[in-house]
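Visitor: Under the numbering used here, the letters of the sequence shown match residues 4 to 259, in that order. Glycine included, each C-beta is placed from N, C-alpha and C at the ideal position.
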Amino acid sequence: MGKVHHFKRPKTLLEVDSHYCAGCGHGILHRITAELIDELDLRGRIVGIAPVGCAVLAYNYLDIDMSEAAHGRVPSVATGIKRSHPELLVFAYQGDGDLASIGTAEIIHAANRGENYTTIFVNNCVYGMTGGQMAPTTLPGQCTATSPLGRDTATMGAPIRVCEMLNTLENPFLLVRTALDGPAGVRTTKKWIREALLGQGADRGFSLIEVLSPCPTYWRMTPEQSIEHIKTTVKKYYPTGVFRHPEKETEGCLSA
């Protein structure tokens, strides 16, 4: 018989009950992040930052130093921590309402300056924590609490594609969009978050991994339907792929 691999909880992932809705992608991302912290031996040298929104309670699940930030101001807090303690790894954990609405100017200027920290950008196309209102990333025609007849792009504007927008700037190191639409998407997401952290350890600058994530509650779908919705609908407007990637290898740059 071949070697048996046991599925275990990562050491960095605290053994607590989840408050997230059934089928939400945040729990998957927390596990991915915890696995990477364990695998790269980063406990004690990594700091996470979470703002207002569904991400605000990330510190309840990850056994690392965490800081909260005012709504949309995570890039400023991340910049301050990283510049004050450049030996630390810093990651921002932001939703689409936080990053692409009230925090738009913050993320653009942090990326433009090439700040050396990593952003995990969770895009579920809706405001999840506050009741399912329309977000800057809500799809055309998508019904929400504040667009009950569907998003009308003629009066409400078109959804903002963050990776494409930041890719017009000169200084970002890594810009990638992935999707939690199945096991392959989860593995790809983990791969690119790992690459972003390795690049930060090599002082390569600003990185952002945008993750298309299901929100069954405010999409009014079952968890299974929400995964299919990402595959058939969300990815058509937000195509996954690599928008900015360096040629230089970053493997091994986190060695002490």
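(1) Ignore the nearest five residues each way along the sequence and tell me which others in Tyr249's own chain have a CB closer than 8 angstroms to its CB.
(2) When DSSP labels each residue in this structure, what does Asp32 get in the three-state scheme?
(3) Leu60 and Ser216 - do their beta-carbons sit closer together than 9 angstroms?
(4) Any contact of the segment 218-233 with the segment 102-119, i.e. 3+ C-beta pairs under 8 angstroms?
(5) May I ask you to report which of helix, strand or coil DSSP gives Leu17?
(6) Who are the near neighbours of Phe124 in its chain, counting only those whose CB is closer than 6 angstroms to its CB and skipping five residues on each side?
(7) Does His29 pass the burial test, meaning 16 or more other C-beta atoms within 10 Å, or should it be called exposed?
(8) Could you give the distance in angstroms between the alpha-carbon of Lys85 and the alpha-carbon of Tyr62?
(9) Here's the rule: buried if 16 or more other CB atoms are within 10 angstroms of the residue's CB, otherwise exposed. What is Ala72?
(10) Return helix, strand or coil for Asn126, following the three-state DSSP convention.
(11) Within 10 Å of its beta-carbon, does Thr269 have 16 or more other beta-carbons around it, so buried, or fewer, so exposed?
(12) What's the call for His22, buried or exposed, on a 16-neighbour Cβ count within 10 Å?
(13) For the beta strand (DSSP E) that contains Met69, what are its first and last residues?
(14) Can you tell which of Thr149, Ile196 and Ile230 has the C-alpha that lies nearest to the C-alpha of Pro186?
(15) Since Asn126 and Thr140 are thought to touch, with beta carbons under 8 angstroms apart, how far apart are those beta carbons, to the nearest angstrom?
(16) Mind checking whether Thr243 and Ala199 have CB atoms under 9 angstroms apart?
Guide: In terms of the structure at hand:
(1) At residue 249 the sequence reads Pro, which differs from the Tyr that was named. Here the set comprises Phe176, Leu177, Gly202 and Arg207.
(2) The sequence shown places Leu at residue 32, not Asp. Looking at Leu32 - three-state DSSP - the assignment turns out to be helix.
(3) no
(4) no
(5) Three-state result, Leu17: coil.
(6) Gln97, Leu102, Leu211 and Glu213
(7) buried
(8) 19 angstroms
(9) Buried is the call here.
(10) Three-state DSSP puts Asn126 in a strand.
(11) Nothing in the structure corresponds to residue 269, since the chain is present only between 4 and 259.
(12) exposed
(13) Asp68 to Glu71
(14) It is Ile230 whose Cα lies nearest to the Cα of Pro186.
(15) 5 angstroms
(16) no
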